[in-house]
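Residue numbers (UniProt numbering): 1 to 290. Positions of the beta carbon are idealized from the N, C-alpha and C atoms, including for glycine. Since the structure comes first, as structure tokens, the remarks are kept for the end.
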């Protein structure tokens, strides 16, 4: 195996582990009875502190720096990705929120092609058609159950997430974790007025999930994603991360008993199957080319 292939596998492995941690977000967000913006801002505060501590002790002083443009663009995109995802989780079922957000590979493919010339292959366009079909199933159910707003915000989160991965990919010669750290600072700043208006009740069942999400589920995962995105393309990163929507509703179902509807499940199967098949086909092509 060549060094390039080793780096790609390491990158996919890092994103895969990151996705496992991300998959617990729906569960812990449901367990905290705070305003959604307060949840997003509070976990970002913890994540920012955690990342600063890790960087202080473990990041070399001569680590590469990202250019200001991609740095700030990536930060704002990730901040609003997190914010819209938390809001969507509160307005609709966790399965709907996470699976609709994972239309992100489609947006990453299109934007990656337009912005950084990482041209999608035929399997990515096939995945686009299937993802649109799955999304239509979600909206059909959501309009009936009154979750159309939450579903729409989840789709917006997916667009932002895809764009975020492309902007981080533009920082592959810099330090993508700079954008992710700055995003947490932005997210907390946005949340300050909401924290004042909707002061959170500081109980153990609420605070512990926030600490876990800030340090492990978001903080440590940010480093994993930053490492992985430097080694694989934006669309590959999004496709590798598809383990998240598979596990997210599983944790919620096991702990809270929240069950996705039949049409949501069918839409989810279509979306996940499409992006996983696309990822496997792409990986086979890479192996044949080396």
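{"Query": "Our contact map puts residue 237 next to residue 228 with C-beta atoms below 8 Å; I'd like the distance itself, whole angstroms only.", "Result": "6 Å"}
{"Query": "If you measure between the beta carbons of residue 97 and residue 108, is that distance less than 8 Å?", "Result": "no"}
{"Query": "Let me know the alpha helix (DSSP H) ranges lying completely inside the stretch 150-198, each 4 residues or longer, listed in chain order.", "Result": "176-197"}
{"Query": "Per DSSP, what kind of secondary structure is residue 66 in: helix, strand or coil?", "Result": "coil"}
{"Query": "Determine the extent of the alpha helix (DSSP H) in which residue 237 is found, giving its start and end residues.", "Result": "234-240"}
{"Query": "Give me the Cα-Cα distance between residue 132 and residue 86, rounded to the nearest whole angstrom.", "Result": "22 Å"}
{"Query": "Measuring CB to CB, does residue 163 end up less than 8 Å from residue 77?", "Result": "yes"}
{"Query": "Under 8 Å by Cβ, that's how I've got residue 43 and residue 214 pegged, so tell me the actual separation to the nearest angstrom.", "Result": "4 Å"}
{"Query": "Assuming residue 135 and residue 267 are in contact, meaning their beta carbons sit under 8 Å apart, how far apart are those beta carbons, in whole angstroms?", "Result": "7 Å"}
{"Query": "For the stretch 109-119 and the stretch 151-168, state whether three or more C-beta atom pairs, one from each stretch, are separated by less than 8 Å.", "Result": "yes"}
{"Query": "Do you know how far the Cα of residue 218 is from the Cα of residue 278?", "Result": "27 Å"}
{"Query": "For residue 116, which residues from the same chain have a beta carbon less than 8 Å from its beta carbon, with the 5 sequence-adjacent residues on both sides left out?", "Result": "166, 169, 170, 234"}
{"Query": "Leaving out five residues before and five after residue 81 in sequence, what residues of the same chain have Cβ atoms less than 7 Å from its Cβ?", "Result": "157, 160, 161, 164"}
{"Query": "Measuring straight from C-alpha to C-alpha, what distance separates residue 101 and residue 73?", "Result": "19 Å"}
{"Query": "Do you know how far the Cα of residue 194 is from the Cα of residue 41?", "Result": "9 Å"}
{"Query": "Look at residue 71 and residue 177 and say whether their C-beta atoms are less than 8 Å apart.", "Result": "no"}
{"Query": "Which two residues bound the contiguous alpha helix (DSSP H) that contains residue 114?", "Result": "104-116"}
{"Query": "Buried or exposed for residue 129, please, with buried defined as at least 16 other CB atoms from any protein chain shown within 10 angstroms of its CB.", "Result": "exposed"}
{"Query": "Here's a check: name, in chain order, each residue in its chain whose Cβ is nearer than 6 Å to the Cβ of residue 90, leaving out the five neighbours to either side.", "Result": "36"}
{"Query": "Taking just the CA atoms, how far does residue 56 sit from residue 148?", "Result": "43 Å"}
{"Query": "For the putative contact between residue 206 and residue 34, defined by C-beta atoms under 8 Å, what is the C-beta separation to the nearest angstrom?", "Result": "6 Å"}
{"Query": "Enumerate in chain order the residues of its own chain whose CB-to-CB distance from residue 127 is below 6 Å, with the five nearest sequence positions on each side excluded.", "Result": "274, 275, 278"}
{"Query": "For residue 189, is the classification buried or exposed, using 16 other Cβ atoms within 10 angstroms of its Cβ as the cut-off for buried?", "Result": "exposed"}
{"Query": "Confirm, please, whether the CB-CB distance from residue 221 to residue 52 is below 8 Å.", "Result": "no"}
{"Query": "If distances are taken between C-alpha atoms only, which option among 154, 182, 122, 92 comes closest to residue 79?", "Result": "182"}
{"Query": "Report the residue from 201, 121, 38 whose alpha carbon sits nearest the alpha carbon of residue 191.", "Result": "38"}
{"Query": "Compare the beta carbon distance of residue 68 and residue 239 with 8 Å and say whether it is the shorter of the two.", "Result": "no"}
{"Query": "Could you check whether the Cβ of residue 171 sits closer than 7 Å to any heavy atom belonging to the ligand MN?", "Result": "No copy of the ligand MN occurs in the structure displayed, which carries no ligand at all."}
{"Query": "Check for me: the alpha helix (DSSP H) holding residue 209 runs from which residue to which?", "Result": "204-212"}
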